[in-house]
Every structure is written in structure tokens, then in C-alpha cells.
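S.K.:
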Amino acid sequence: QKEVEQDPGPLSVPEGAIVSLNCTYSNSAFQYFMWYRQYSRKGPELLMYTYSSGNKEDGRFTAQVDKSSKYISLFIRDSQPSDSATYLCAMVYSGAGSYQLTFGKGTKLSVIP
Amino acid sequence: NAGVMQNPRHLVRRRGQEARLRCSPMKGHSHVYWYRQLPEEGLKFMVYLQKENIIDESGMPKERFSAEFPKEGPSILRIQQVVRGDSAAYFCASSPPMSRTTDTQYFGPGTRLTVL
């Protein structure tokens, strides 16, 4: 079983739709969670960062963490064609001394005008 | 305020040659991470360095790969005697000094290595 599971998609939605992206993880040592957006042939760009269970909102983006279920989500409201990209979830162990990120494989999203 | 810089952006090597990838962290950042992204795969951690120190190299292949982050100049990821399986995008990320688990990493644009 991989440490971080993420459905690779592709996911295609019409403009204006609400998008839900999800990751599950197996190791409860993961304590810090991020979502990155990666456009084709570009570097990952940090979107959201959170460490506690619950919701965190930033504009059209909401990150949700459920540590009891080992499940994290990213919601995008009023999706735009410019949101078309690959979305990567990433996690960090706590207290390990090395802060390497463990990534999901990414979900490719297309928002159709 | 420049972000993380990587060069070259594209690198072509023949099998058996050496590849040198360079990373300049964001201004004020002294922690550097290298990740590799194989086609159709997620990003995989390779190595974590601070100035003049390798902190964690648990993701580095045991042979042919090395990394350094000297006191002056960029961090270098070096791949000796490249093979076709080394073809990938290599990303560098940086974070501030006194980095804690809660500090986020900022990524560069990547170097795309193609081995012929």
C-alpha cells in the first residue's frame, strides 16, 4: 500500500462547477498537509497548507483534513479554465528532523469553458 | 524578489555522460530539497541539504547520484554515467533557515533531463 493515494483522474468539469480533489494516507505520523498546483511543464506552486483537522479557506479554495479517517480534500469553488492543472497533495512527518514532502501522484483537472 | 532558480531548464545527455543540475534557493533561504518526477509518476524526495551539510539523503539512489550545497554558490545535483532511466524532471525546493516542519517549501521550475 502506498503511503499517499490520489486518484490521477483525469477530471473534467464545466466552468463554474465545484471541484473536489482527495487524498488518503496510511501513516498517522503525517501531521502537516499541503496542496500544490502544477501547470504543464512547470514547477509545483503551493496553494494551501494546513496542520489541523478541519477546514481552511482561502478565496475559492478550501482545504479539509480529517486525521481520524486519514483523508484530505481540496475544494475549488466557481472553477475557472485557468484552474486547469495537476493538483498534488503533499504531507510531512512531524518531528523527523527532515522535512521531506511525500506526494500523491496528482490529479489532472480540466475546466471546460 | 526572485524565486527558486534552476538551470539549465533542459539538459540532453548521452548515456554514460555526466549531468550537473544547479539550484539557487530563494533569497534568505538556506535549506534545499531535491525531488525527481518520472513520467506519469509523482514527485519523489531525493535529498535535503543545508549549507555545507547533507541532512537527509534517504531518497538518493545509492550509486551515481550526489548532491552538494556549498557555502557559496548554488546547490548541485550531480548524476554520473547517466542511463535512460534517469530521464525525468528534477525539481529543487527551498525553505527558510531555522526551518521547522511547519515551514513550507517553494519549488523552482525544474530541469528536464533527457538521456539519449
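Residue numbers (the numbering used here), protein chains in the order written: chain A, 46 to 158; chain B, 152 to 267. Ideal Cβ positions, reconstructed from N, Cα and C, are used throughout, including at glycine. Predicted, not measured: the structure shown is a model, and the values here were computed from it.
1) Is F258(B) close to chain A, meaning its C-beta is less than 7 Å from at least one C-beta of that chain?
2) State the Cα-Cα distance for the pair A74(A) and Y81(A), rounded to the nearest angstrom.
3) At 3 residues or longer, what runs of the beta strand (DSSP E) sit wholly inside the stretch 189-232 of chain B?
4) For a test of the three-state rule: what should DSSP assign to R86(A), helix, strand or coil?
5) Return helix, strand or coil for G236(B), following the three-state DSSP convention.
6) Decide if K178(B) is buried, meaning its Cβ has at least 16 other Cβ atoms within 10 Å, or exposed.
7) If you follow the beta strand (DSSP E) that M156(B) is in, where does it begin and where does it stop?
8) If we count the other Cβ atoms within 10 Å of its Cβ and call it buried at 16 or more, is Q83(A) buried or exposed?
9) Would you grab the beta carbon distance between P89(A) and K150(A) for me? Rounded to a whole angstrom, and I think it's under 8 Å.
10) Could you tell me the boundaries of the beta strand (DSSP E) in which S118(A) lies?
11) Look at N72(A) and E48(A) and say whether their C-beta atoms are less than 7 Å apart.
12) Report yes if the C-beta distance between L264(B) and L162(B) is below 7 Å; otherwise report no.
13) Could you tell me the alpha carbon to alpha carbon distance between C68(A) and C134(A), rounded to whole angstroms?
14) Strictly under 7 Å for the Cβ-Cβ distance: is L56(A) near chain B by that measure?
15) Just to check my reading of the structure: Q188(B) and A239(B) have Cβ atoms closer than 8 Å, yes? What is that Cβ distance to the nearest angstrom?
16) Using CA coordinates, which residue listed in L194(B), P190(B) and H180(B) is at the minimum distance from F242(B)?
17) Can you pull the chain B neighbours of Y94(A), defined as C-beta to C-beta under 7 Å?
18) Reducing DSSP to helix, strand and coil, say where S175(B) ends up.
19) According to DSSP, V72(A) sits in a beta bridge with which residue or residues?
20) Considering only DSSP beta bridges, list what G149(A) is partnered with.
21) Which one of Q232(B), D237(B), G236(B) and Y257(B) has the shortest CA to CA distance from A244(B)?
22) If distances are taken between C-alpha atoms only, which option among R166(B), P159(B), K213(B) and H182(B) comes closest to R235(B)?
23) Can you tell me which of V266(B), L200(B) and D207(B) puts its alpha carbon nearest to the alpha carbon of S175(B)?
24) Counting only C-beta atoms, is G104(A) closer than 7 Å to chain B at any point?
25) DSSP state of S127(A), grouped into three classes?
M.R.: The short version:
1) With its beta carbon less than 7 Å from one in chain A, F258(B) belongs to the interface.
2) Distance between the alpha carbons of A74(A) and Y81(A) is about 20 Å.
3) Correct list: 194-201, 204-207, 216-219 and 226-230.
4) In the structure shown, R86(A) sits in coil (DSSP, three-state: anything other than H, G, I, E or B).
5) For G236(B), the secondary structure class from DSSP, reduced to helix, strand or coil, is helix.
6) K178(B) comes out exposed.
7) M156 to N158 is the span of the beta strand (DSSP E), which, as asked, contains M156(B).
8) Taking a 10 Å sphere around the C-beta of Q83(A), we find 16 or more other C-beta atoms and assign the residue as buried.
9) Under the criterion of beta carbons closer than 8 Å, P89(A) and K150(A) do not qualify as touching, at roughly 13 Å.
10) That run of the beta strand (DSSP E) goes Y116 to I121.
11) Cβ atoms of N72(A) and E48(A): closer than 7 Å.
12) Result yes, Cβ atoms of L264(B) and L162(B) sit closer than 7 Å.
13) One C-alpha to the other measures close to 7 Å.
14) For L56(A), the answer is no, since every Cβ of chain B falls outside 7 Å of its Cβ.
15) A Cβ-Cβ separation of about 6 Å places Q188(B) in contact with A239(B) under the 8 Å criterion.
16) Nearest option by C-alpha distance: L194(B).
17) What Y94(A) touches in chain B: T255.
18) S175(B) falls in the strand class under three-state DSSP.
19) A small correction: the amino acid at residue 72(A) is Asn; Val does not occupy that position in the sequence shown. Bridge partners of N72(A): none, in fact.
20) According to DSSP, G149(A) bridges with nothing at all.
21) Closest in alpha carbon position to A244(B), among Q232(B), D237(B), G236(B) and Y257(B), is Y257(B).
22) Looking at the Cα atoms, R166(B) is the closest of the given residues.
23) Of the listed residues, the one whose Cα sits closest to S175(B) is L200(B).
24) Taking CB atoms only, G104(A) has no neighbour in chain B less than 7 Å away.
25) Here S127(A) sits in helix by DSSP.
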